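Asks:
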Amino acid sequence: MQQSNPWILVSVWGDPGGWGYVMYRTPELPAIRGCKLTDVGWNDRNIRQNSTLGAILESYSDIIASAIVYVADTLALSPYIFDYEEAKRICSDDNLCKDYKNIIECAKKYVVSFLRLNNTLKQYMDRINVHVLPGIGEYKRKKGDKGDGLKAAYIGHPSNYYFGLLTHLYSYLVNNDKTIDTVLLDISHGINFMPVLGFRAVVEAIKLYMIERGREKTRLIVLNSDPVIGKESTKTPKNINIVYCKEFSLNEVLNETYYLLRAANFSQRPFKQLVSKRPQGSPERLNNAHNKLKKHAELVKVIAISLDAGLMLPLVYTLEELKQKSKDFNELYDDLINGLEDIIYNRLIERGDGQVDLVVKHETRLDDINEQYLRAVILSKTLMNYVEKIIRKTKKTCNGKTVTLYNIHDLEHAIDDYIVNNIAKKIAENEISNIRDRVNAYKIICNKDNEPIELTLYKTIYDLTEKEVGDTKIINHYRRLKKESSDYEDIANMLRKIIEKEKTNIRCRQSQEPTLPKNTGIDNERNFFAHAGFYGSVTLVTEKDGNIYTGYVPGVDYRRVILSS
Numbered sequence: 248m249q250q251s252n253p254w255i256l257v258s259v260w261g262d263p264g265g266w267g268y269v270m271y272r273t274p275e276l277p278a279i280r281g282c283k284l285t286d287v288g289w290n291d292r293n294i295r296q297n298s299t300l301g302a303i304l305e306s307y308s309d310i311i312a313s314a315i316v317y318v319a320d321t322l323a324l325s326p327y328i329f330d331y332e333e334a335k336r337i338c339s340d341d342n343l344c345k346d347y348k349n350i351i352e353c354a355k356k357y358v359v360s361f362l363r364l365n366n367t368l369k370q371y372m373d374r375i376n377v378h379v380l381p382g383i384g385e386y387k388r389k390k391g392d393k394g395d396g397l398k399a400a401y402i403g404h405p406s407n408y409y410f411g412l413l414t415h416l417y418s419y420l421v422n423n424d425k426t427i428d429t430v431l432l433d434i435s436h437g438i439n440f441m442p443v444l445g446f447r448a449v450v451e452a453i454k455l456y457m458i459e460r461g462r463e464k465t466r467l468i469v470l471n472s473d474p475v476i477g478k479e480s481t482k483t484p485k486n487i488n489i490v491y492c493k494e495f496s497l498n499e500v501l502n503e504t505y506y507l508l509r510a511a512n513f514s515q516r517p518f519k520q521l522v523s524k525r526p527q528g529s530p531e532r533l534n535n536a537h538n539k540l541k542k543h544a545e546l547v548k549v550i551a552i553s554l555d556a557g558l559m560l561p562l563v564y565t566l567e568e569l570k571q572k573s574k575d576f577n578e579l580y581d582d583l584i585n586g587l588e589d590i591i592y593n594r595l596i597e598r599g600d601g602q603v604d605l606v607v608k609h610e611t612r613l614d615d616i617n618e619q620y621l622r623a624v625i626l627s628k629t630l631m632n633y634v635e636k637i638i639r640k641t642k643k644t645c646n647g648k649t650v651t652l653y654n655i656h657d658l659e660h661a662i663d664d665y666i667v668n669n670i671a672k673k674i675a676e677n678e679i680s681n682i683r684d685r686v687n688a689y690k691i692i693c694n695k696d697n698e699p700i701e702l703t704l705y706k707t708i709y710d711l712t713e714k715e716v717g718d719t720k721i722i723n724h725y726r727r728l729k730k731e732s733s734d735y736e737d738i739a740n741m742l743r744k745i746i747e748k749e750k751t752n753i754r755c756r757q758s759q760e761p762t763l764p765k766n767t768g769i770d771n772e773r774n775f776f777a778h779a780g781f782y783g784s785v786t787l788v789t790e791k792d793g794n795i796y797t798g799y800v801p802g803v804d805y806r807r808v809i810l811s812s
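Read in order, the letters of the sequence shown are residues 248 to 812 in the working numbering.
Shown next, in the form of C-alpha cells:
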C-alpha cells in the first residue's frame, strides 16, 4: 500500500502473561484518504502471533512508522515469568514498596521482556514505545509454586488513565518530526475501562493535534479481534476487524472546540479531592496553571464566541490582550501538562492494613474541565502564532491614546482559515468588502489628490457614502461604476461627474483626528454582531502604503457585548 505519510499504531493492553499463540487474519486497510470500508477485504496469509500487535506490525510494517503500547501500572504485580534475574532486581517486593517510580519501571520492564521474547516483535522494538498509565484494583503476585507473594491495592479513578493517555499521545503526535495522517487504535487486548477510555483519549488527542498543527484531515481506524475463548478456538483463524473508521476534518474540530469553550465553566476547580490527604508533593504546577487560566477565562470565551460569530476584529484585539497577560503560552501549556502529570503519576505508597501488603493510593480525580483547558491553551497559542505571522498592523494616536489597527486584507485570510460557520463567514466577508468599497468612495469624494485618508471614524465614512446623489446613494453609485470599469481613475472621474451634475452639497470632515461620539460604547449590540464587529460608531479606519487598516476606538468594551450574547 502506498501512503503519503507514516501511520502510527496505538494499542491498549491488559496483562500479556497468559496469552497464547493464535492464528490471526488481518484486514486490508482502506485507502490513504477516507473510510470506504465496503471495499475492504482480507489479507490472504494467516499470521501466528501471541498478540494482535505482532500480526498488525507484520502485515503493515511498510506503513506503520511507530507503535505505542499503553499498559497499567498494576502489571508490576505480575509473575516473574520474563527475564527473571532482571525482574528480581527491579521488581522485588522491597523496591516496589519504596517508590512509585519503581512500580512504573517494573511494569514497563515486564511488558518489554514479553515483546522481546517474540521473534516477530523483537525485530520491531525500535518502533515500539511502552508507556505505563495508572490502573486501579487489587492484585497479588504469585511466585511460581511457592505460594502468594506481594498483595497490593491500587486506589484511584479511571480518569487518570484517560488523561495520562491523552497527554502522552498528544505530545507524541505534536513532537513527531513527521506528519501523521492516520492513527490505528487496537483495542483487542484492553480490559475493563481501557478500550472505552483509550478510544476517547485517542480521539481527543487527534483533535488537539489537528488544532496545533493545522491539519486539514486526520483519520482514526479502530481494530478489534474476534474473541479467543479456550484452547480449541486457537485452531480457528481469528479476524482482526475494523470496527470504526473516521476521518476528522479541521473545520469539524474547530466548530466543536468553539462550542465547548463557549459552554465551559472555567470557574470549576481543576481536580476534586477524593480523600482529605493530598499526594506527597502537592501538584503546584496544575494549581498555578489553573489560576492563570481562571484569570483569562473571560478572554478565552471571547475568542471562542468571536470565531463562532465571525468577529475577526474582536478576535485579534482579544489575542493582543491575552498575549500581554500571558507572556509565554508555551510556559502556560507546560504548567498545565506538567501539573496534570503530577496528579496522574504522583501516588502515595503506604504499607497495608493486614489485608494487603502495599497500598498505591491516588487521592485526586481529574475533571473534564482540564480537557477544555487543554483546548483553550492550544487554540489560543495556535491563533497567536497565526495572527503574528499573517496580520499586519499599525498604531495611531486617537484623542491622545494609542490604538492598534489591522490590515483588512489579512483579516480576510483569517476569516477563510478559522471561521467555520458559513453564515458568520459570509457576514464577515461582506463587512470587509463593505469597508473597502466605502473607503474608496470616500477617498474619491473627499481626497481628490488621492492622498491616503487619515485616521477617521468609520461612521463618518459610512454616513457620507450613504448620502443620496439624485435618487441613489453614493455607495450604490460607486458599486455600479466598479462593475462597469476596473480602472480606479475612470471610476473616480465618473463618480465626481455624477455628484457635480446633481449639484449635491457634500461636506467632508477636514480635521485629522476623528470626532468621536460622546458615548464611545457600543450603543447597539445587535448591529455590532450583524456587522461582524465593524459597527460604525466604534470602528476607526486609516490607510497606509495603499492598505486599509481598521480597529476600535480606544476604551470600547466590546468584550461586554460578546459575553452578554
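A virtual CB, placed ideally from N, CA and C, is assigned to each residue, including glycine.
Model, not experiment: these values are computed from the prediction.
What is the residue span of the alpha helix (DSSP H) that D373 lies within?
Replies: Against the sequence shown, residue 373 aligns to sequence position 126. Looking at the DSSP string, D373 is not in any alpha helix (DSSP H), and its letter there is neither H nor E.
Asks: Rounded to the nearest angstrom, how far is the Cβ of T321 from that of G382, given a contact under 8 Å?
Replies: Translated into the one-based positions of the sequence shown, residue 321 becomes position 74. Translated into the one-based positions of the sequence shown, residue 382 becomes position 135. Yes, they are in contact, since the Cβ atoms of T321 and G382 sit about 4 Å apart, within 8 Å.
Asks: My output table needs one value for S496: the three-state DSSP class, helix, strand or coil.
Replies: By 1-based counting over the sequence shown, the position of residue 496 is 249. DSSP places S496 in strand when its eight states are reduced to three.
Asks: What does the alpha-carbon distance come out to for the pair G819 and F361?
Replies: For residue 819 there is no data in the structure shown, the boundaries of the chain being 248 and 812.
Asks: Whole angstroms is fine: what's the gap from N422's alpha carbon to N577's?
Replies: The count along the sequence shown starts at 1 and reaches residue 422 at position 175. The count along the sequence shown starts at 1 and reaches residue 577 at position 330. Roughly 14 Å between the two C-alpha positions.
Asks: For N216 and N502, which I take to be in contact (beta-carbon distance under 8 Å), what is that distance rounded to the nearest angstrom?
Replies: Residue 216 cannot be examined here, being either before or after the span of the chain that is shown, 248 to 812.
Asks: Identify whether D433 lies in helix, strand or coil by the three-state DSSP scheme.
Replies: As a first step, residue 433 must be located in the sequence shown, where it is residue number 186. Looking at D433 - three-state DSSP - the assignment turns out to be strand.
Asks: In the DSSP assignment, what are the bridge partners of Y799?
Replies: Taking the first residue of the sequence shown as 1, we reach residue 799 at position 552. Looking at the DSSP assignment, Y799 forms a beta bridge with T786.
Asks: If you draw a straight line from the alpha carbon of W254 to that of S732, how long is it in whole angstroms?
Replies: Start at 1 with the first residue of the sequence shown, and residue 254 comes out as number 7. Start at 1 with the first residue of the sequence shown, and residue 732 comes out as number 485. Their backbone Cα atoms lie some 53 Å apart in a straight line.
Asks: Following the continuous beta strand (DSSP E) through V269, name the residue where it begins and the one where it ends.
Replies: Residue numbering aside, residue 269 sits at position 22 when the sequence shown is read from its first letter. Start and end: 269 to 272.
Asks: Output the distance between the C-alpha atoms of E568 and C344, rounded to the nearest integer angstrom.
Replies: Locating residue 568 in the sequence shown gives position 321, counting from the first residue. Locating residue 344 in the sequence shown gives position 97, counting from the first residue. Cα to Cα, E568 sits roughly 50 Å from C344.
Asks: Of the choices V469, L652, E715, whose alpha-carbon is the least far from that of F446?
Replies: The residue labelled residue 446 in the question sits at position 199 within the sequence shown. Looking at the Cα atoms, V469 is the closest of the given residues.
Asks: Classify C693 as helix, strand or coil using the three-state DSSP reduction.
Replies: Numbered from 1 along the sequence shown, position 446 holds the residue referred to as residue 693. Correct three-state label for C693: helix.
Asks: Can you tell me the Cα-Cα spacing of R756 and C693, whole angstroms?
Replies: Translated into positions along the sequence shown, residue 756 becomes position 509. Translated into positions along the sequence shown, residue 693 becomes position 446. Their backbone Cα atoms lie some 8 Å apart in a straight line.
Asks: With a threshold of 16 other CB atoms inside 10 Å of the CB of G394, please say whether the residue is buried or exposed.
Replies: For the purposes of this step, residue 394 is taken as residue 147 along the sequence shown, with counting starting at 1. Residue confidence is low: G394 scores 46 on pLDDT, short of 50, so the model does not pin down where it sits. Its coordinate-derived value is still stated next. Result: exposed.
Asks: How long is the line joining the alpha carbons of L521 and L613, rounded to whole angstroms?
Replies: Stepping through the sequence shown from its first residue, residue 521 is reached at position 274. Stepping through the sequence shown from its first residue, residue 613 is reached at position 366. Confidence at L521 is low in this model, with a pLDDT of 48, below 50, so its placement is unreliable and no value can be given for it.
Asks: Quick check: what's the CA-CA separation for K730 versus P277?
Replies: Walking along the sequence shown from the start, residue 730 turns up at place 483. Walking along the sequence shown from the start, residue 277 turns up at place 30. Each residue's Cα considered, the two are about 49 Å apart.
Asks: Secondary structure at S514, three-state DSSP: helix, strand or coil?
Replies: In the sequence shown, residue 514 corresponds to position 267, counting from 1. Reduced to three states, the DSSP call for S514 is coil.
Asks: If we ignore side chains and look at the alpha-carbon of each, how far apart do A623 and A452 end up?
Replies: As a working note, residue 623 is residue 376 in the sequence shown. As a working note, residue 452 is residue 205 in the sequence shown. Going by the C-alpha atoms only, they are around 14 Å apart.
Asks: Whole angstroms is fine: what's the gap from K548's alpha carbon to L560's?
Replies: For this step, residue 548 is matched to residue 301 along the sequence shown. For this step, residue 560 is matched to residue 313 along the sequence shown. For K548 and L560, the distance between alpha carbons rounds to 15 Å.
Asks: How would you label N687, buried or exposed, when you count the other beta carbons within 10 angstroms and need 16 or more for buried?
Replies: Here residue 687 refers to the residue found at position 440 of the sequence shown. It is buried - the Cβ of N687 has at least 16 other Cβ atoms within 10 Å.
Asks: Excluding the 5 residues preceding and the 5 following I294 in the sequence, name in chain order all residues of the same chain whose CB lies nearer than 6 Å to its CB.
Replies: By one-based count along the sequence shown, residue 294 stands at place 47. Closer than 6 Å at Cβ, skipping near neighbours: Y271, A302, E305.
Asks: Identify, in the order they occur along the chain, each residue of the same chain with its Cβ nearer than 6 Å to the Cβ of I402, setting aside the five sequence neighbours on each side.
Replies: What you label residue 402 is simply residue 155 of the sequence shown in a count that begins at 1. K608.
Asks: Whole-angstrom Cβ separation of Y796 and G780, contact assumed at under 8 Å?
Replies: Counting from one through the sequence shown, the residue named residue 796 turns up at place 549. Counting from one through the sequence shown, the residue named residue 780 turns up at place 533. Not confirmed; about 15 Å, so no contact.
Asks: Fully enclosed by the region 605 to 681, which beta strand (DSSP E) runs are 3 residues long or longer?
Replies: List check, beta strand (DSSP E) in window: 605 to 608, 611 to 613, 640 to 645, 648 to 654.
Asks: Would the beta-carbon of H724 fall within 8 Å of that of L711?
Replies: For the purposes of this step, residue 724 is taken as residue 477 along the sequence shown, with counting starting at 1. For the purposes of this step, residue 711 is taken as residue 464 along the sequence shown, with counting starting at 1. Contact: no.
Asks: So for I746, helix, strand or coil by DSSP?
Replies: Here residue 746 refers to the residue found at position 499 of the sequence shown. In the structure shown, I746 sits in a helix (DSSP, three-state: H, G or I).
Asks: How about the region 699 to 711 and the region 766 to 776: do they share at least three Cβ pairs that are nearer than 8 Å?
Replies: Touching, no, given that fewer than three Cβ pairs across the two stretches are closer than 8 Å.
Asks: Which value, in whole angstroms, describes the spacing of the CA atoms of Q370 and L621?
Replies: Residue numbering aside, residue 370 sits at position 123 when the sequence shown is read from its first letter. Residue numbering aside, residue 621 sits at position 374 when the sequence shown is read from its first letter. Each residue's alpha carbon lies about 37 Å from the other.
Asks: Quick one, are the C-beta atoms of T465 and L626 less than 8 Å apart?
Replies: For the purposes of this step, residue 465 is identified with residue 218 of the sequence shown, where counting begins at 1. For the purposes of this step, residue 626 is identified with residue 379 of the sequence shown, where counting begins at 1. Not a contact, by the Cβ cut-off of 8 Å.
Asks: Output the residue ranges of the alpha helix (DSSP H) runs that lie fully inside the region 530 to 596 and measure 4 residues or longer, sorted by chain position.
Replies: Taking only runs of at least 4 residues, the alpha helix (DSSP H) segments lying wholly in the region 530 to 596 are 531 to 556, 559 to 572, 576 to 592.
Asks: Can you grab the Cα-Cα spacing for the pair N376 / G557, in whole Å?
Replies: Position 129 of the sequence shown, counted from the start, is the residue given in the question as residue 376. Position 310 of the sequence shown, counted from the start, is the residue given in the question as residue 557. Each residue's alpha carbon lies about 42 Å from the other.
Asks: Determine the extent of the beta strand (DSSP E) in which I315 is found, giving its start and end residues.
Replies: Working through the sequence shown from its first residue, we reach residue 315 at position 68. Run containing I315: 311 to 319, per the beta strand (DSSP E) assignment.
Asks: Please return the same chain residues whose Cβ sits closer than 8 Å to the Cβ of W289, not counting the five positions on each side in sequence.
Replies: Position 42 of the sequence shown, counted from the start, is the residue given in the question as residue 289. Taken in chain order, the residues that qualify are R272, T273, P274, E275, N486.
Asks: Relative to the alpha-carbon of P699, which residue among R639, D792, A671 has its alpha-carbon at the smallest distance?
Replies: Residue 699 sits at position 452 when you count from the first residue of the sequence shown. With distances taken between Cα atoms, P699 lies closest to D792.
Asks: Going along the chain, which residues of its own chain have a beta-carbon closer than 6 Å to the beta-carbon of V358, five neighbours each way excluded?
Replies: Here residue 358 refers to the residue found at position 111 of the sequence shown. V318, V377, listed in sequence order.
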